[in-house]
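Quick notes on the structure that follows.
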């Protein structure tokens, strides 16, 4: 139970600035592109089910 995490977390917040500053990391896709990819994936999965 020390490392217990509920299956559904209400809120996740990320700050990639540390990775940018320390590792010179840049994301491969923008946030908007990521959202589009996620919605497209969900829509495709839904269409396969119906």
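Numbering (the working numbering), first residue to last: 701 to 750. Using N, Cα and C, we set each Cβ at its ideal position, and we do this for glycine too. Just so it is clear, the structure is predicted and the values come from calculations on it, not from any experiment.
Could you compute how far the alpha carbon of residue i sits from the alpha carbon of residue j?
i	j	result
residue 720	residue 750	42 Å
residue 748	residue 731	26 Å
residue 743	residue 702	37 Å
residue 710	residue 724	30 Å
residue 746	residue 735	16 Å
Looking only at its chain, what residues have a beta carbon closer than 6 Å to the beta carbon of residue i, apart from the 5 residues adjacent to it on each side?
i	result
residue 722	none
Below 8 Å CB to CB, which residues in the same chain sit around residue i once its five sequence neighbours on both sides are set aside?
i	result
residue 726	720
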